[in-house]
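Trainee: The following block contains the structure, expressed as structure tokens.
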Amino acid sequence: MNRTLTTQDECTNIIVKFKDQALQSTPLVLKEENTLTQGHVGFFSDFSGLEFNRLIFTVSPEDMIQDMKTYNLPEDLGLFRYYSVQISKDQGDPQSIVDRLKQSPLVETAYIEPDAIEDSVTEMEDPTLFAQPNRNPLFKKQGYLHPAPAGIDAQYAWGIPGGDGEGIMLVDMQLHGWLLDHEDLVDQQIGLVAGSGNPIDTKTSHGTATLGEVVGCDNEVGIIGISPKAKAKVTSKYRANGKQSHADAIASAAKEMNPGDVLVLTWGYRDGGRPENTPDIFEAIKFATDKGITVIQSAGNSSVNLDEYTVNGKYVMNRNSPDFKDSGAIIVGGASSDVPHKRRKSSGYGSRVDVYAWGENVTTTYSNNDDPSIKNLYRHNFNGTSSAAPIIAGAVVNLQGIAKAKLGRPFTPEEVRDLLSDPDTGTSSKNPSSDRIGVMPDLKLILNKLGFTQQPQ
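Mapping of the sequence shown onto the UniProt record's numbering: position 144 corresponds to residue 144, and the numbering continues sequentially without gaps.
Below, the structure is given as structure tokens:
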């Protein structure tokens, strides 16, 4: 499938990346509020009436350079060459403006920001060791926690120090919000990543379900998360200064996170593309994975063969193509809850999909979008790759908790991806050659292969 960037109904956001030399050798300058001033007369006369705002503003170049030096990363500040331009209907056709921008000798690339959507198939209401799962009433319905081949065997990890997620932080990035004072989340004291603003709408059910899968409290109500001792924070494109930027949210989260921490993205684009398929977000994700943060992306629910998905005519998601671009993230497909696990018809698939997990019938926390005063709702039908990705995120959190406790260091994102996608330590899907969603990690097999076993009672 080839991405065709379309005009939005209201204002359209254009992303522009200037060439490095454009911002170094020409008099394009920044005001304090990160807005380009008219220092280059020719450029701005061509685009009069447009305001160019830097896309990354919560994190400063100095902050990022400090991280790069601390973690021995290449000093690449390409993210700070991205700017956004908001186009109203009366300012002309956005695609025509993009085409003109691309012709400028100062511009490296320009594109319309795609419309993002959550990766759950439906929004159906359904209110209803080191960890102590059996005291959580809904634990038995959480089959994704159980031993393989049914689930990822989170129970086995709970019997090893760090295997409940202690010492690791999860950051959940959503398009909307969360009910952070749900009865099964409130004790986690989940806060916003620095620079994040509160989402402007009341759609909290998707984010609440995601958090419950990973960090649901180990208490005597409801469910238990895969990683109940992990710390958690949340973020979204809504920024504290009133602006919106996915890339800024990812970059600012990465600045706040440490190697071994986990960032989960359960959204994508209407054509089946993944967040990393826009250049600004790709670079933000790459900064995170280079720093040692594992980034989890859902594979989407558009039934797209990602090997055939193109961006500007390039097969960037096909591992066998010379066009392939690797952000370092793990991409997660969705499968049936029943054994053998068959790829859900809606799930994205292809060589870029590393692993899979339950894409249906997931029991987790729930919130009523219309009444946030209700704090004790649960659902048993969270679905799509939105339900699968948090399961893998939890597996990574527990694996990294054990690595830090036992080895004194976390695994790199590349090591994590290799461990989770190994066919010898995972549960195959029903028809691997046609499903093409990898394996579901079996934490017991992975941990035993690494030499980690449960401690005797």
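Yeah, the Cβ is synthetic: ideal placement off N, Cα and C, and Gly gets one too.
Go ahead and label Glu283 buried or exposed: buried means 16 or more other beta carbons lie within 10 angstroms of its beta carbon, across all protein chains shown.
Mentor: Reading the sequence shown from its first residue, position 283 is the one you call residue 283. Flag for Glu283 reads buried.
Trainee: Can you check whether the C-beta of Gly292 is within less than 8 Å of a C-beta belonging to chain C?
Mentor: Absent here is chain C; the protein component of the structure consists of one chain.
Trainee: Does the ligand SAM have a heavy atom nearer than 7 Å to the CB of Val171?
Mentor: This structure lacks the ligand SAM; in fact it carries no ligand of any kind.
Trainee: Compute the Euclidean distance between the alpha carbons of Pro340 and Gly438, then round it to the nearest angstrom.
Mentor: Numbered from its first residue, the sequence shown carries residue 340 at position 340. Numbered from its first residue, the sequence shown carries residue 438 at position 438. About 13 Å.
Trainee: Can you give me the Cβ contacts of Tyr309 inside the same chain, cut-off strictly under 7 Å, excluding the 5 residues immediately before and after it?
Mentor: Taking the first residue of the sequence shown as position 1, residue 309 is located at position 309. Cβ neighbours of Tyr309 beyond the five flanking positions: Met1, Gly272, Gly273 and Met317.
Trainee: Cβ atoms of Gly350 and Asn383: under 8 Å apart, would you say?
Mentor: As a working mapping, residue 383 is identified with position 383 in the sequence shown. As a working mapping, residue 350 is identified with position 350 in the sequence shown. Contact flag unset, no.
Trainee: Given a cut-off of 8 Å on the beta-carbon distance, is the pair Ser429 and Ala335 in contact?
Mentor: Your numbering for residue 429 matches position 429 in the sequence shown. Your numbering for residue 335 matches position 335 in the sequence shown. Yes, these two residues count as a Cβ contact at 8 Å.
Trainee: In whole angstroms, what separates the C-alpha of Val59 from that of Asp442?
Mentor: Stepping through the sequence shown from its first residue, residue 59 is reached at position 59. Stepping through the sequence shown from its first residue, residue 442 is reached at position 442. In a straight line, the C-alpha of Val59 is about 37 Å away from that of Asp442.
Trainee: Do you know offhand how far Gly370's Cα is from Gly177's?
Mentor: On the sequence shown, position 370 is the one that residue 370 refers to. On the sequence shown, position 177 is the one that residue 177 refers to. Before going on, a small fix: residue 370 reads as Asp here, not Gly. Going by the C-alpha atoms only, they are around 13 Å apart.
Trainee: Indicate whether Val85 and Leu50 have their beta-carbon atoms separated by less than 8 Å.
Mentor: Residue numbering aside, residue 85 sits at position 85 when the sequence shown is read from its first letter. Residue numbering aside, residue 50 sits at position 50 when the sequence shown is read from its first letter. Closer than 8 Å, so yes.
Trainee: Only counting runs of 3 or more residues, tell me where the beta strand (DSSP E) segments fall wholly within the stretch 167-206, in order along the chain.
Mentor: For the stretch 167-206, whole beta strand (DSSP E) runs of length 3 or above, ordered along the chain, are 169-174.
Trainee: Going by other Cβ atoms of all chains shown within 10 Å of its Cβ, with 16 needed for buried, is Leu407 buried or exposed?
Mentor: Walking along the sequence shown from the start, residue 407 turns up at place 407. Its Cβ having fewer than 16 others within 10 Å, Leu407 is exposed.
Trainee: Out of Asn53, Asp424, Pro228 and Lys444, which one is the CA nearest neighbour of Gln244?
Mentor: By one-based count along the sequence shown, residue 244 stands at place 244. Checked all of Asn53, Asp424, Pro228 and Lys444; the closest Cα to Gln244 is Asn53.
Trainee: Could you tell me which residues DSSP pairs with Gly334 in its beta bridges?
Mentor: On the sequence shown, residue 334 is found 334 positions in, with the first residue counted as 1. Ala357.
Trainee: Report the three-state DSSP secondary structure of Lys231 (helix, strand or coil).
Mentor: What you label residue 231 is simply residue 231 of the sequence shown in a count that begins at 1. Residue state, collapsed to three classes: strand.
Trainee: From the DSSP output, in three-state form, read off Ser25 for me.
Mentor: Your numbering for residue 25 matches position 25 in the sequence shown. Residue placement at Ser25 is poorly supported in this model, since its pLDDT is 47, which falls under 50; the coordinates still yield a value, given next. Looking at Ser25 - three-state DSSP - the assignment turns out to be helix.
Trainee: Assess, as a yes-or-no matter, whether the stretch 319-333 is touched by the stretch 355-366 under the definition of 3 or more beta carbon pairs within less than 8 Å.
Mentor: Judged by Cβ distances under 8 Å, the stretch 355-366 makes contact with the stretch 319-333, as three or more pairs qualify.
Trainee: Are the beta-carbon atoms belonging to Ile15 and Asp201 less than 8 Å from one another?
Mentor: Here residue 15 is taken as the residue at index 15 of the sequence shown, counted from 1. Here residue 201 is taken as the residue at index 201 of the sequence shown, counted from 1. Against a cut-off of 8 Å, the Cβ pair of Asp201 and Ile15 comes out as no contact.
Trainee: With distances taken from CA atoms, which of Ile168, Asn219 and Asn198 is nearest Asp184?
Mentor: Counted from its first residue, the sequence shown places residue 184 at position 184. When only C-alpha atoms are compared, the closest one is Asn219.
Trainee: Does DSSP classify Gln455 as helix, strand or coil?
Mentor: Translated into positions along the sequence shown, residue 455 becomes position 455. Three-state result, Gln455: coil.
Trainee: For Ser25, collect the residues of the same chain with a Cβ closer than 6 Å to its Cβ; drop the 5 residues on either side in sequence, then sort them by chain order.
Mentor: Here residue 25 corresponds to residue number 25 of the sequence shown, with the count starting at 1. Low confidence applies here, because Ser25 scores a pLDDT of 47, under 50, leaving its location unreliable and the question unanswered by this model.
Trainee: Would you check if there are 3 or more beta carbon pairs closer than 8 Å linking the stretch 288-303 to the stretch 254-274?
Mentor: Enough Cβ pairs lie closer than 8 Å, so yes.
Trainee: Is it true that the stretch 202-215 meets the stretch 376-393, where meeting means three or more beta-carbon pairs spaced less than 8 Å apart?
Mentor: Short answer: they touch.
Trainee: Consult DSSP for Gly438 and reduce its assignment to one of helix, strand or coil.
Mentor: To locate residue 438, count along the sequence shown from 1; it is residue 438. Note: Gly438 maps to coil in three-state DSSP.
Trainee: If you check the beta carbons only, do His182 and Thr365 fall under 8 Å apart?
Mentor: As a working note, residue 182 is residue 182 in the sequence shown. As a working note, residue 365 is residue 365 in the sequence shown. In this structure, Thr365 lies closer than 8 Å to His182 by Cβ.
Trainee: Could you have a look at Ile160 and say whether DSSP puts it in helix, strand or coil?
Mentor: Your numbering for residue 160 matches position 160 in the sequence shown. Residue state, collapsed to three classes: coil.
Trainee: If we count Cβ pairs, one from each stretch, closer than 8 Å, do we get three or more for the stretch 233-251 versus the stretch 142-150?
Mentor: No, the stretch 233-251 is not in contact with the stretch 142-150.
Trainee: So the alpha helix (DSSP H) His246 belongs to, where does it begin and stop?
Mentor: By 1-based counting over the sequence shown, the position of residue 246 is 246. Counting along the chain, the alpha helix (DSSP H) containing His246 begins and ends at His246 to Glu256.
Trainee: Would you please state the rounded distance, in angstroms, between the beta carbons of Asp164 and Ser227? I believe it to be under 8 Å.
Mentor: Residue mapping note: residue 164 aligns to position 164 of the sequence shown, counting from 1. Residue mapping note: residue 227 aligns to position 227 of the sequence shown, counting from 1. Going by Cβ atoms, the distance from Asp164 to Ser227 rounds to 6 Å, so yes, they are a contact pair.
Trainee: For Asn72, count neighbouring Cβ atoms within 10 angstroms of its own Cβ and tell me buried if that reaches 16, exposed if not.
Mentor: For the purposes of this step, residue 72 is taken as residue 72 along the sequence shown, with counting starting at 1. Exposed is the call here.
Trainee: Let me know the alpha helix (DSSP H) ranges lying completely inside the stretch 361-448, each 4 residues or longer, listed in chain order.
Mentor: Here the runs fully enclosed are 385-407, 413-421 and 432-435.
Trainee: Go through its chain and collect everything with a Cβ distance to Ala232's Cβ below 8 Å, but skip five positions before and after it.
Mentor: Numbered from its first residue, the sequence shown carries residue 232 at position 232. Correct list, in chain order: Met169, Leu170, Val171, Asp172, Gln188, Ile190, Leu211, Val214 and Val215.
Trainee: What are the residues that DSSP puts in a beta bridge with residue 460?
Mentor: As shown, the chain starts at 1 and ends at 457. That puts residue 460 outside it, with no answer to give.
Trainee: Below 6 Å CB to CB, which residues in the same chain sit around Ser88 once its five sequence neighbours on both sides are set aside?
Mentor: In the sequence shown, the residue the question calls residue 88 occupies position 88. Cys11.
Trainee: So the candidates are Ser298, Ser205 and Ile160; which of them puts its Cα closest to the Cα of Leu265?
Mentor: In the sequence shown, residue 265 corresponds to position 265, counting from 1. Answer by Cα proximity: Ser298.
Trainee: Would you report the Cα separation of Pro137 and Ile224, rounded to the nearest angstrom?
Mentor: Indexing the sequence shown from 1 puts residue 137 at position 137. Indexing the sequence shown from 1 puts residue 224 at position 224. The alpha-carbon atoms of Pro137 and Ile224 are separated by roughly 9 Å.
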